[in-house]
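> Handing you this structure, nothing more for now.
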Amino acid sequence: MSSKTRMYRAYKTARRISFNDDSKFIIFSDCHRGDNSFADDFANNRNIYFHALQDYYKNGFTYCEIGDGDELWENLFFKDIFEAHHNVYSLMQLFFNEGRLYRLVGNHDMVYKNKRYVEKNLFTYFDKITGKDAALFPGIEFTEGLILTHETTGQEIFMMHGHQADWWNYVGWKFNRFMVRVLWRQLQIFGIGDPTSPAKNYKNLIKVERRTKRWIVENKNLFTIIGHTHRPRFPEPGDIAFFNDGSCVHPRSITGLEIENGEISLIKWQISTTEDGTLKVVRVLLEGPQKLIDYKTE
């Protein structure tokens, strides 16, 4: 199966939801939430991420996590991740209970394509206080794609993780997962990263972006948002409508895409120092806001 076929299948099988100019979305990917060990890249930014997500919850945003939310290559069991970042999942649970959480499958959490695995691990969790199972994300579904359709203009915003354009991380994900667990996780101690990751392999990154752009052009410049490469992308109107939200494992910062008031923005959350020496988490606008309609093609 070619990358074109995989991307087209993600589009055809995508969950579809309608939105309007009053809708608010925050799009993150590549959180790689781990077990809070030396290999947990998310641990360094977890306070930034939690503060940002809490702000979005209070302000009525819908959270779209477009793959690689949980690091299930390095970690065998979701429960270890859940226990390490319980506060994060409690916050995500608030989004879920209000119908404001959508999650896509990425290569590092490809096991979520297995509905039985999801039901066993994510529907409930064991509450150590009560000694009983409690609801976590009962009935949650993971898809490869998500499409937002504007109620008035009919414009489509298509989201997928992006590993569909990466043979090694889509077809060969089980082999890569094995290598990460037995080799690369240990080598992280010495600063050696996984060479199969497009975030750490520039040649692979360029291939993924080139294939994705080609597919977008062949599909009438469809407005498309991915993650996977960890490299933020925010095109100008008239260019190829290829967006990337970046990742939540940048050094000392996280990046994402906001959709609000019919506009899209690329943002970064980071820790900043005030004049009196106080540290605080701040939101920085990197690109935009740009009207979504400016990217619409007939």
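Each residue of the sequence shown is one higher than the one before, counting from -3 in the numbering used here. The beta-carbon is built from N, C-alpha and C at its ideal position, and this holds for glycine as well.
CA-CA distance, residue 289 and residue 266?
Going by the C-alpha atoms only, they are around 30 angstroms apart.
> Compute the distance between the beta-carbons of residue 154 and residue 143, then report whether it is under 8 angstroms.
Result yes, Cβ atoms of residue 154 and residue 143 sit closer than 8 angstroms.
> Could you check where the beta strand (DSSP E) with residue 123 kicks off and where it finishes?
It spans 120 to 123 - the beta strand (DSSP E) in which residue 123 sits, taken as one unbroken run.
> Grouping DSSP H, G and I as helix and E and B as strand, with all else coil, what is residue 211?
Of the three classes helix, strand and coil, the one that applies to residue 211 here is helix, per DSSP.
> Leaving aside the five residues before and after residue 165 along the sequence, list all residues of the same chain whose C-beta is less than 7 angstroms from its C-beta, in chain order.
Once the five neighbours on either side are set aside, the close Cβ partners of residue 165 are 103, 159, 172, 192.
> So, under 8 angstroms CB-CB, residue 141 and residue 6 are touching, yes? Tell me the CB distance rounded to an integer number of Å.
With a Cβ gap of about 4 angstroms, residue 141 and residue 6 count as contacting.
> Between 9, 138, 215, 63, which has its C-alpha nearest residue 27's C-alpha?
Of 9, 138, 215, 63, the residue nearest in Cα terms is 63.
> Quick one: grab the DSSP three-state call for residue 256.
Strand, per DSSP.
> Is there contact here, the region 22 to 40 with the region 227 to 234, by at least three beta-carbon pairs under 8 angstroms?
Output reads no: the region 227 to 234 does not touch the region 22 to 40.
> Any idea which residues DSSP pairs residue 81 with across the strands?
Its beta-bridge partners do not exist; DSSP assigns none.
> Here's the rule: buried if 16 or more other CB atoms are within 10 angstroms of the residue's CB, otherwise exposed. What is residue 264?
Looking at its Cβ environment, which holds 16 or more other Cβ atoms inside 10 Å, residue 264 is buried.
> Per DSSP, what kind of secondary structure is residue -3 in: helix, strand or coil?
Looking at residue -3 - three-state DSSP - the assignment turns out to be coil, as it is neither helix nor strand.
> From residue 259 to residue 202, what distance separates their C-alpha atoms?
Those two C-alpha atoms are separated by around 27 angstroms.
> Under the assumption that residue 57 contacts residue 20 (Cβ atoms under 8 angstroms), give the Cβ distance between them as a whole number of angstroms.
Between residue 20 and residue 57 the Cβ distance is about 4 angstroms, and since that is below 8 angstroms, they are a contact.
> Among 149, 55, 126, which one has its Cα closest to the Cα of residue 287?
Nearest option by C-alpha distance: 149.
> Comparing alpha-carbon positions, which option in 235, 94, 18 lies nearest residue 212?
For residue 212, the nearest C-alpha among the options comes from 235.
> Between the Cα of residue 15 and the Cα atoms of 68, 248, -3, 256, which residue gives the shortest distance?
Here the closest residue by C-alpha is 256.
> Specify the secondary structure class of residue 313 as computed by DSSP and reduced to three states.
It is not possible to answer for residue 313, since the shown part of the chain is limited to -3 through 294.
> From which residue to which residue does the beta strand (DSSP E) around residue 131 run?
Start and end: 128 to 131.
> State the beta-bridge partners of residue 246 as determined by DSSP.
Looking at the DSSP assignment, residue 246 forms a beta bridge with 249.
> Kindly list the residues whose CB is nearer than 6 angstroms to the CB of residue 218, restricted to its own chain and excluding five residues on each side of it in sequence; keep chain order.
Within the same chain, residue 218 has close Cβ partners 154, 212.
> What is the residue span of the beta strand (DSSP E) that residue 292 lies within?
Run containing residue 292: none; DSSP gives neither H nor E here.
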